[in-house]
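In the working numbering, the protein residues as written are 3 to 627.
Please read the structure below before turning to the comments.
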């Protein structure tokens, strides 16, 4: 709902006014999330700080005094530095009354909060993580002695806009859970660095390797979260017998990757325990460290302009290959007709992305396969596309090819030559886009009329949830206009699509894509990197379970931490190494965890995994004709 349409008296679970002690990055992230989601209006928010910003818009009230804010608010967020918490709460003692107090101050316990608040105050302690800054956080909470189930629900409702996964735990488990979700972004930044390094070793440019690594990590985590399938099961489906993915994962297993990630979570928890205030003076120094010093990403929150008073810097725009304006894409696509040879999962994912984005109408799409209603387990998905969007389905390939301007080749690799030769007489002057693994430009052009425009694409599994990372290479006759059309069409499921020479295909595939594993009636394109990320998720979750978290909770926190870190890495113009350094406070728990990963040579293991997959890709390439 646009903010202008919000009822002045609208509430969130009965809450009419929110107060924020402190107006730093985290409090601004919460406010921005609430405003952009339409849950509240700016006039329902008061923030306090020593300095009022030069520009205040959208009705958000700023004060330099804390008590007036506390007096008018139903819920008070404590977002100041930990060493200031008790003093600011004492200032507000007589104005807090029967308010709900939610603290995100690191290291400040329920007992610390209740000690300086009126007796009976409802208190909730929350620990968010860094990806909250891009509304993809994973967090934990614990309630005070007087907080109710309704208070927990209010907290979850308000913070869900920046913390999709917020788990309630007893306070004694805070250090264990923080070692997983709080320190986890640093671990994932190391993974992104390592994957990119492996691809650079094989000849990809640093920028390209970085984009592919980030998007593959993001897409894999989203696939695990949205599919509800256990990472181990997805991992089993990924590894085709004797394939390149299993070669890469063997390199990871040989280096004990899962054990390393489990151990790093435990090391961070041990360090958290050591740094408890009663045991170590360094804890005090940590409290004085500002939450996140990421200046490039921080610009995202510092300017209150634009629609919601927060101006996104250019660094938050998708990189040069993405075209976000749907009208521009529609102008590029025009009224062309799109045909799909093969109606498997990948072609269905592309079609669904095109239709749900509004880029195409169902009447612009025809798909072919040999599946009939007599095979209901396969046919139901095709039938759904027809019923919901009006997509045409045929059992013969030539009629589809004749009416189409662009033809996607989505059949199994061993069928490509046959189906293209069937259509040879009606395919002239069409753009042919192949996603068949291992089928080269030369193979395609040999089966097509001379002069056919051909582009070879390698997608990866996260395309199935519209978060793919892909690569492509153009054929002899493909033009810049063909490439522009390809980017416009595939951008709905490939946020990252990189053009490379075909000579680099096996190297890039070792990072972002691999050979097919077949399921149902179509092909699934899995990734070596996807497999490695699944192992990381398993290892981090195992670490949480070792420390007493439930399996389901540990897995949810691990998945969201991986996803959120990748979103942060993609949206902020900051190198993963810099993000990692920002999370690691001197002598802290995160650096203790990353030290375990360094000792286990995790970077080298991921780099070796990419190389092993590339070597196996080379070995599996068909002999040159």
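By construction, the Cβ of each residue, glycine as well, lies at the ideal position given by its N, Cα and C atoms.
Quantities reported herein were computed from a predicted structural model and do not represent experimental measurements.
Give me, in chain order, the residues of the same chain whose beta-carbon lies closer than 7 Å to that of residue 468; leave out the 5 immediate sequence neighbours on both sides.
By the criterion of a C-beta distance shorter than 7 Å, residue 468 is surrounded in its chain by 355, 494 and 495, once the five residues flanking it on both sides are discounted.
Under 8 Å Cβ to Cβ from residue 611, same chain only, skipping five residues before and after it: list those, please.
Contacts found: 200, 250, 251, 253, 254, 530 and 534.
How would you write the range of the alpha helix (DSSP H) that residue 355 sits in, first residue to last?
Segment 347-358, the alpha helix (DSSP H) holding residue 355.
Of the residues 178, 123 and 165, which one's Cα is nearest the Cα of residue 153?
Taking only the C-alpha atoms, the option nearest residue 153 is 123.
For residue 455, three-class secondary structure by DSSP:
Looking at residue 455 - three-state DSSP - the assignment turns out to be strand.
Assuming contact is defined by CB atoms lying nearer than 7 Å, are residue 564 and residue 190 in contact in what I supplied?
Taking C-beta atoms as the reference points, residue 564 and residue 190 count as a pair closer than 7 Å.
Inter-residue spacing [alpha-carbon to alpha-carbon] between residue 228 and residue 382:
In a straight line, the C-alpha of residue 228 is about 21 Å away from that of residue 382.
Within the region 393-438, note down every full beta strand (DSSP E) run reaching 3 residues or more, in order along the chain.
Qualifying beta strand (DSSP E) stretches, in chain order: 394-396, 408-411 and 433-436.
Note down the Cα distance separating residue 47 from residue 80, rounded to an integer number of angstroms.
About 14 Å.
Backbone CA spacing between residue 142 and residue 148 [nearest angstrom]
Using only the alpha carbons, I get a separation of about 18 Å.
Output needed for residue 370: all residues of its chain with C-beta closer than 8 Å, excluding positions within five of it in sequence on either side, in chain order.
Same-chain partners within the cutoff: 341, 342, 343, 344, 345, 395, 396, 397, 398, 399 and 402.
CB residue 497 to CB residue 225, shorter than 7 Å?
The Cβ atoms of residue 497 and residue 225 do not sit closer than 7 Å to each other.
In this structure, does DSSP put residue 605 in helix, strand or coil?
In this structure, residue 605 counts as helix in the three-state DSSP scheme.
DSSP on residue 575, reduced to helix/strand/coil?
Residue 575 falls in the coil class under three-state DSSP.
State the beta-bridge partners of residue 127 as determined by DSSP.
In DSSP, residue 127 forms a bridge with 105 and 144.
Excluding the 5 residues preceding and the 5 following residue 263 in the sequence, name in chain order all residues of the same chain whose CB lies nearer than 6 Å to its CB.
538, 541 and 542.
With residue 381 as the anchor, note down where its alpha helix (DSSP H) starts and where it stops.
378-391 is the span of the alpha helix (DSSP H), which, as asked, contains residue 381.
Provide the residue span of the beta strand (DSSP E) that contains residue 496, from first to last.
No beta strand (DSSP E) holds residue 496; DSSP gives it neither H nor E.
What are the residues that DSSP puts in a beta bridge with residue 190?
In the DSSP output, where bridge partners are listed per residue, residue 190 has none listed.
Spell out the partners DSSP gives residue 473 in its beta bridges.
Residue 473 pairs with 460 and 500.
Given that a residue counts as buried once 16 or more other Cβ atoms are within 10 Å of its Cβ, and exposed if not, what is residue 411?
In this structure residue 411 is buried. Its beta-carbon is surrounded by 16 or more other beta-carbon atoms within 10 angstroms.
Give a yes or no on contact between the region 332-340 and the region 356-370, applying the rule of three or more CB pairs nearer than 8 Å.
Contact between the region 332-340 and the region 356-370 is present: 3 or more CB-CB pairs across the two stretches fall below 8 Å.
From 453, 452, 473 and 455, pick the residue whose C-alpha is nearest to that of residue 462; which is it?
Cα-wise, what sits closest to residue 462 is 473.
Determine the closest residue to residue 351 out of 485, 102, 337 and 387, with distance taken between C-alpha atoms.
The option with the nearest alpha carbon to residue 351 is 387.
Backbone secondary structure at residue 164 - three-state DSSP:
DSSP places residue 164 outside both helix and strand once states are collapsed to three, so it counts as coil.
Answer with buried or exposed for residue 96, where buried requires no fewer than 16 other C-beta atoms within 10 angstroms of its C-beta.
Classification of residue 96: exposed, given that the 10 Å Cβ count is below 16.
In the DSSP output, what is residue 22 paired with across the bridge?
For residue 22, the beta-bridge partners assigned by DSSP are 49 and 79.
Using only CA atoms, which one of 422, 597, 111 and 231 lies nearest to residue 436?
When only C-alpha atoms are compared, the closest one is 422.
Could you spell out where the beta strand (DSSP E) holding residue 369 opens and where it closes?
Where residue 369 is concerned, the enclosing beta strand (DSSP E) starts and stops at 367-370.
For residue 368, which option in 389, 268, 393 and 375 has the closest C-alpha, if you only look at C-alpha atoms?
Distance from the Cα of residue 368 is smallest, within the candidate group 389, 268, 393 and 375, for 393.
Using CA coordinates, which residue listed in 455, 466, 184 and 460 is at the minimum distance from residue 485?
That would be 455, whose Cα lies nearest to the Cα of residue 485.
By the three-class DSSP mapping on this structure, what secondary structure does residue 205 have?
Coil, per DSSP.
Is residue 509 closer than 7 Å to residue 204 when the C-beta atoms are compared?
Cβ distance < 7 Å, so residue 204 and residue 509 count as in contact.
CB-CB length for residue 125 against residue 146, believed under 8 Å:
Confirmed, Cβ separation roughly 3 Å.
Neighbourhood of residue 426 by C-beta, 8 Å cutoff - its chain only, sequence neighbours within 5 removed:
Correct list, in chain order: 449, 450 and 451.
Residue 212 to residue 198, Cα distance in whole Å?
If I take the Cα positions, the gap works out to 5 Å.
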